[in-house]
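Q:
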Amino acid sequence: MKHHICLVGGQILPLYMGIVESNPDTIHFFYTKETENNVKVLKSFFKEKKLETYKCSESNYTLFAKELNDLLCTISKNENIDFNITGGTKIMALAAYDMMQERKSKAYYFNQDLSYYEVPTFTLKNVNNYITVVDFIKLSNNSISSSKSILDYNDSEFKMAKSIFNFSNTNFKQFNQIQKYFRTQFNDPDKIPLKGDEEVNDNLFVTWDNDILEVNDCSSLLLEVTGDNVRDLFFKGGWWELVTGDAVRDWSIQKEVITNVIFPFKGDKSESKNEIDILVNTGHKLIFIECKSGIINQADLNKMKTVREIYGGRIAKSLLVSKFKPTDAILEKCSDLDIEVFYYYDKAKRTTSHMNLIQKKLDEINKKSSL
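The working numbering puts the first residue of the sequence shown at 2, with every later residue one more than the last.
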């Protein structure tokens, strides 16, 4: 019989990973009033195991040591015991460490990158297990109401997105005129009809339905895109998300990439509370990506920070992928909020970055800790 003693603190992820790495038969959770809810979340993952909970004296070494010793006295010396001392208070960790020494057992102490020290040898190890996106979000006591895996897009959708991307580069002036016209005319992209044709500035003609979109000037065809959902791709900016997703899916470290991620309210799963364009899972951390092909405002950045903190925890990171270099004010705000930035075009320098350089940026992000 193997026992795992878990000191529950504010961060759930290292506690979860400790249990997974230990793979015990019985888990003993020592918690405080402030961390009681975290115990409920952790228990939901390990229903097949024997689970015991103890509300403890978190600030009194002598009392907590006695509570811990009382438990240890009920466990045969022939049985295996290990500890996760990452959570809890410092007093709890000190007492658990002393009890571990007496029992000649071992303990885990996790770093923010989910490497961990095996105590008392203090051997640094890496975790052998990966966490799915669904479990990551569940560990934050939240859920995803809808999303789409990058694997579920077909080649024609990536081809459409690339065609629109190329048009926005080679016909920059005309593309901006079209975007400005439709923003003014309809205010909200959802109000754009499923099919129609519009004359823009007396020299551009846009015709579309859900399967084809054409842009002509007075003498020639400038753009023709065919495929499912082309209307939404063009008018709602989905093309930039797919161009970004196309680059991200080739990143060698990613385990999962999902798009159009909707996080619902806990009390009403049908209503959206937060959303993010692309969510990347390395198996050990989440990277939240917001894609912007036009205007970026401070509200966008505040939302990114909120989403990262609620659903990803301390180890998660945020990445803003912008078609254009953001203003100095936006870059400063990104720095303040710990948001990484990648941009395609620098107007002042008239230079562009290859989209696959996003993978290099992701490599840099993956090496960073959020502390």
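Positions of the beta carbon are idealized from the N, C-alpha and C atoms, including for glycine.
Because the structure is a prediction, the values reported are computed rather than measured.
Rounded to the nearest angstrom, what separates T346 and Q175 at their Cα positions?
A: Translated into the one-based positions of the sequence shown, residue 346 becomes position 345. Translated into the one-based positions of the sequence shown, residue 175 becomes position 174. Strictly speaking, residue 346 in this sequence is Tyr, with Thr absent from that position. Their Cα atoms are separated by approximately 17 Å.
Q: Return the CA-CA distance between L64 and I86, expressed in angstroms with no decimal places.
A: Numbered from 1 along the sequence shown, position 63 holds the residue referred to as residue 64. Numbered from 1 along the sequence shown, position 85 holds the residue referred to as residue 86. Going by the C-alpha atoms only, they are around 17 Å apart.
Q: Within the continuous alpha helix (DSSP H) that includes S23, where are the two ends?
A: On the sequence shown, position 22 is the one that residue 23 refers to. S23 -> alpha helix (DSSP H) spans 14 to 23.
Q: Are R250 and V262 closer than 8 Å when you measure CB to CB?
A: Counting from one through the sequence shown, the residue named residue 250 turns up at place 249. Counting from one through the sequence shown, the residue named residue 262 turns up at place 261. No, Cβ-Cβ distance for R250 and V262 is not below 8 Å.
Q: Check whether the stretch 88 to 99 touches the stretch 211 to 221, counting contact only when three or more Cβ pairs, one atom from each stretch, lie closer than 8 Å.
A: Result no; under three Cβ-Cβ pairs closer than 8 Å.
Q: Which value, in whole angstroms, describes the spacing of the CA atoms of D26 and D83?
A: Walking along the sequence shown from the start, residue 26 turns up at place 25. Walking along the sequence shown from the start, residue 83 turns up at place 82. Taking the straight line from one Cα to the other gives about 11 Å.
Q: According to DSSP, is E333 part of a helix, a strand, or is it coil?
A: To locate residue 333, count along the sequence shown from 1; it is residue 332. DSSP places E333 in helix when its eight states are reduced to three.
Q: Identify whether L152 lies in helix, strand or coil by the three-state DSSP scheme.
A: For the purposes of this step, residue 152 is taken as residue 151 along the sequence shown, with counting starting at 1. Correct three-state label for L152: helix.
Q: Considering only the beta carbon of each residue, do F264 and N155 sit closer than 8 Å?
A: Here the question's residue 264 lines up with position 263 in the sequence shown. Here the question's residue 155 lines up with position 154 in the sequence shown. Not a contact, by the Cβ cut-off of 8 Å.
Q: Is there contact here, the stretch 37 to 54 with the stretch 13 to 29, by at least three beta-carbon pairs under 8 Å?
A: Yes: the two stretches touch, three or more of their Cβ pairs being nearer than 8 Å.
Q: For the alpha helix (DSSP H) that K174 lies in, which residues bound it at each end?
A: Here residue 174 refers to the residue found at position 173 of the sequence shown. Here the alpha helix (DSSP H) through K174 covers 173 to 187.
Q: If I follow the unbroken alpha helix (DSSP H) through A349, where does it start and stop?
A: By 1-based counting over the sequence shown, the position of residue 349 is 348. That residue, A349, is in no alpha helix (DSSP H); it is neither H nor E in DSSP.
Q: Comparing alpha-carbon positions, which option in N70, T133, Y131, Y117 lies nearest Q102?
A: Counted from its first residue, the sequence shown places residue 102 at position 101. Closest by alpha carbon: N70.
Q: Beta carbon of A162, beta carbon of L243: below 8 Å?
A: Residue mapping note: residue 162 aligns to position 161 of the sequence shown, counting from 1. Residue mapping note: residue 243 aligns to position 242 of the sequence shown, counting from 1. Yes, Cβ-Cβ distance for A162 and L243 is below 8 Å.
Q: Here's a check: name, in chain order, each residue in its chain whose Cβ is nearer than 7 Å to the Cβ of K237, leaving out the five neighbours to either side.
A: Translated into positions along the sequence shown, residue 237 becomes position 236. Same-chain partners within the cutoff: P190.
Q: Given K293, which residues of its chain have a CB within under 6 Å of its CB, disregarding the five upstream and five downstream residues?
A: Here residue 293 refers to the residue found at position 292 of the sequence shown. Same-chain partners within the cutoff: S323.
Q: What is the residue span of the beta strand (DSSP E) that L302 lies within?
A: Reading the sequence shown from its first residue, position 301 is the one you call residue 302. Note, L302: premise wrong, no beta strand (DSSP E); alpha helix (DSSP H) at 299 to 312.
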